[in-house]
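Number of protein chains: 2
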Amino acid sequence: MANVAKYNRDDVIHKAMLLFWEKGYNSTSTRDLQQAIDMRPGSIYAAFGSKEQLYREALVCYSQGMAEMLGQRIVSAGSPLGGLEAFFRNVVIDQCDTNPSEVCMLVKTLTEVSDDHPELMELSRELLKRTEDRFADILQQAKDGGEIAKHANPRILARHLQVQMIGLRIYMKTSRNPDSLSEQISTIFANIKR
Amino acid sequence: MANVAKYNRDDVIHKAMLLFWEKGYNSTSTRDLQQAIDMRPGSIYAAFGSKEQLYREALVCYSQGMAEMLGQRIVSAGSPLGGLEAFFRNVVIDQCDTNPSEVCMLVKTLTEVSDDHPELMELSRELLKRTEDRFADILQQAKDGGEIAKHANPRILARHLQVQMIGLRIYMKTSRNPDSLSEQISTIFANIKR
DNA sequence: TTTTAACTTGAACATGTGTTCAAAATCAAA
DNA sequence: TTTGATTTTGAACACATGTTCAAGTTAAAA
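Below is the structure:
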């Protein structure tokens, strides 16, 4: 046995995630990364293999963080649908200034890389799909709890919410008008309850 | 007086636009461009100044193309709202396979470049705003023509449509499920008519 | 204290990048 | 045909990029 890793793997991935989320895959150079995570090229490549593999881990880290936050909002709100709406408000409006980017990191990945790095695209797709599945589960619970109509279709509503989430976050980057977006979120969830 | 430009400026910008739209700003090298528009570095820089300026012209070209298409759909459909819906279906579903990317080029620009190239971001914002204004005009005509309710607010509806358009196009890239997206578009416009 | 296997370092490499510029080619006017 | 301003060409430049690897450092085990 010998030296065990000096760095904290999760911490490093988190820091890399923040930088990747801000600047995107191509605009983040390995030099930028070296500085952000305070590791030298050799160590980075020994630990992660390549820039792309580190990015993959960063994507998963991002996705997990979002999923945890959604869970917390549901607990705080005390109801599935209330939690979802709080989550929307948090992501689209409250956190959009403190986050590295207004736009979802999975969406940024999907729009930036395409032919090159097909694995990054596939992973982003997969993680987005998981998010939608999670939305559907939550909406099913809302249906079971009587928060939404008996005839509502959780899968269709989940897809609808996914489109809203993606669209709203990008729109926020365009317009910087939190008040109108807050109203839009209210309308979206009012329509779901009907 | 001497030689006049050999190349067709609009044609060159259009070709550059298609490549930029497909690959994004950073992933399109000037070598790629040289091949696509069949011009040598010196000519390109004499004609456009820099890669960024050529991209700016490409953005405007893209935006004009979309605006023209919207106009055509309105004429074909014979009504403002019908034209808008046809435009949505065309962009999100029909053309998404033949276009260089499923995603709006303005949105791609906005999510890819940020701190670097602030002028590209500002131009994308401006062009997106113009699109929304156009939507609002069309919706006002729909209101005047009795296609939508008297109490409807064209500005709010235009914002809503913009979010849908952005979200749907990215969702199409994620899921590749045209049938469900077609239903979603039907629902969106059914709700507007109410 | 010495050994040893794992980890860390940073200079170096090969390639790709946006851009420049002197030389060559072009063609309307003289 | 000659002139001459303009356009085109492509080699070259300076720098940035992802990645490698031999040498150095570390600390647990012997």
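Protein sequences appear in the order of chains A and B.
When we follow numbering that gives the first Met the number 0, the leftmost residue of the first sequence carries the number 0, and every step to the right adds one.
When we follow numbering that gives the first Met the number 0, the leftmost residue of the second sequence carries the number 0, and every step to the right adds one.
All residues carry an ideal CB built from backbone N, CA and C; glycine is no exception.
Any non-hydrogen atom of the ligand MN closer than 7 Å to residue i Cβ
| i | result |
| --- | --- |
| residue 32 of chain A | Absence of the ligand MN from the depicted structure is noted, as is the absence of any ligand whatsoever, leaving it without description. |
Between the CA atoms of residue j and residue i - distance to the nearest angstrom
| i | j | result |
| --- | --- | --- |
| residue 194 of chain B | residue 192 of chain A | In the structure displayed, chain B extends from 0 to 193; residue 194 of chain B sits before or after that span and is not available. |
| residue 11 of chain A | residue 36 of chain A | 6 Å |
| residue 147 of chain B | residue 149 of chain A | 29 Å |
| residue 137 of chain A | residue 80 of chain A | 7 Å |
| residue 16 of chain B | residue 25 of chain B | 14 Å |
| residue 87 of chain A | residue 144 of chain B | 36 Å |
| residue 159 of chain B | residue 114 of chain A | 31 Å |
| residue 0 of chain A | residue 120 of chain B | In this prediction, residue 0 of chain A has a pLDDT of 35, which is less than 50 and means its spatial position is unreliable; nothing more can be read from the coordinates. |
| residue 106 of chain A | residue 43 of chain A | 26 Å |
| residue 49 of chain B | residue 18 of chain B | 16 Å |
| residue 99 of chain B | residue 29 of chain B | 18 Å |
| residue 124 of chain B | residue 104 of chain B | 12 Å |
| residue 139 of chain A | residue 90 of chain A | 22 Å |
| residue 135 of chain A | residue 153 of chain B | 31 Å |
| residue 20 of chain A | residue 155 of chain B | 30 Å |
| residue 92 of chain B | residue 6 of chain A | 47 Å |
Neighbourhood of residue i by C-beta distance below 7 Å, restricted to the same chain and skipping five residues each side
| i | result |
| --- | --- |
| residue 101 of chain B | 95, 168, 171 and 172 |
| residue 13 of chain B | 60 |
| residue 57 of chain A | 12, 15, 16 and 19 |
Chain B contact for residue i (CB, 8 Å cutoff)
| i | result |
| --- | --- |
| residue 61 of chain A | no |
| residue 192 of chain A | no |
| residue 107 of chain A | yes |
| residue 179 of chain A | yes |
| residue 170 of chain A | yes |
| residue 2 of chain A | With a pLDDT of 48 at residue 2 of chain A, under the threshold of 50, the modelled position of that residue is not reliable, and no figure is offered here. |
| residue 94 of chain A | no |
| residue 67 of chain A | no |
| residue 97 of chain A | no |
| residue 84 of chain A | no |
Closer than 8 Å to chain A by CB, residue i
| i | result |
| --- | --- |
| residue 121 of chain B | no |
| residue 115 of chain B | yes |
| residue 18 of chain B | no |
| residue 150 of chain B | no |
| residue 165 of chain B | yes |
| residue 25 of chain B | yes |
| residue 183 of chain B | yes |
| residue 102 of chain B | yes |
| residue 162 of chain B | yes |
Neighbourhood of residue i by C-beta, 6 Å cutoff - its chain only, sequence neighbours within 5 removed
| i | result |
| --- | --- |
| residue 131 of chain A | 157 and 161 |
| residue 174 of chain A | none |
| residue 126 of chain B | 62 and 105 |
| residue 141 of chain A | 79, 80 and 147 |
| residue 178 of chain A | none |
| residue 69 of chain B | 86 |
Contacting residues, own chain, Cβ-Cβ under 8 Å from residue i (five flanking each side not counted)
| i | result |
| --- | --- |
| residue 8 of chain B | 46 |
| residue 55 of chain A | 118, 119 and 122 |
| residue 31 of chain A | 18 and 22 |
Classification of residue i by the beta-carbon crowding that lies within 10 angstroms, buried from 16 upward
| i | result |
| --- | --- |
| residue 27 of chain B | buried |
| residue 111 of chain B | buried |
| residue 74 of chain B | exposed |
| residue 189 of chain B | exposed |
| residue 108 of chain B | buried |
| residue 128 of chain A | exposed |
| residue 183 of chain A | buried |
| residue 72 of chain A | buried |
| residue 41 of chain A | exposed |
| residue 64 of chain B | exposed |
| residue 23 of chain B | buried |
| residue 187 of chain B | buried |
| residue 166 of chain B | buried |
| residue 52 of chain A | exposed |
| residue 195 of chain A | Here chain A covers residues 0 to 193 and nothing more, so residue 195 of chain A does not appear. |
Where residue i falls: helix, strand or coil (DSSP)
| i | result |
| --- | --- |
| residue 52 of chain B | helix |
| residue 102 of chain B | coil |
| residue 144 of chain B | coil |
| residue 149 of chain B | coil |
| residue 130 of chain A | helix |
| residue 70 of chain B | helix |
| residue 162 of chain A | helix |
| residue 115 of chain A | coil |
| residue 38 of chain B | coil |
| residue 108 of chain B | helix |
| residue 26 of chain B | coil |
| residue 7 of chain A | coil |
| residue 139 of chain A | helix |
| residue 96 of chain A | coil |
| residue 78 of chain B | coil |
| residue 175 of chain A | coil |
| residue 195 of chain A | As displayed, chain A neither begins before 0 nor continues past 193, which places residue 195 of chain A out of reach and without an answer. |
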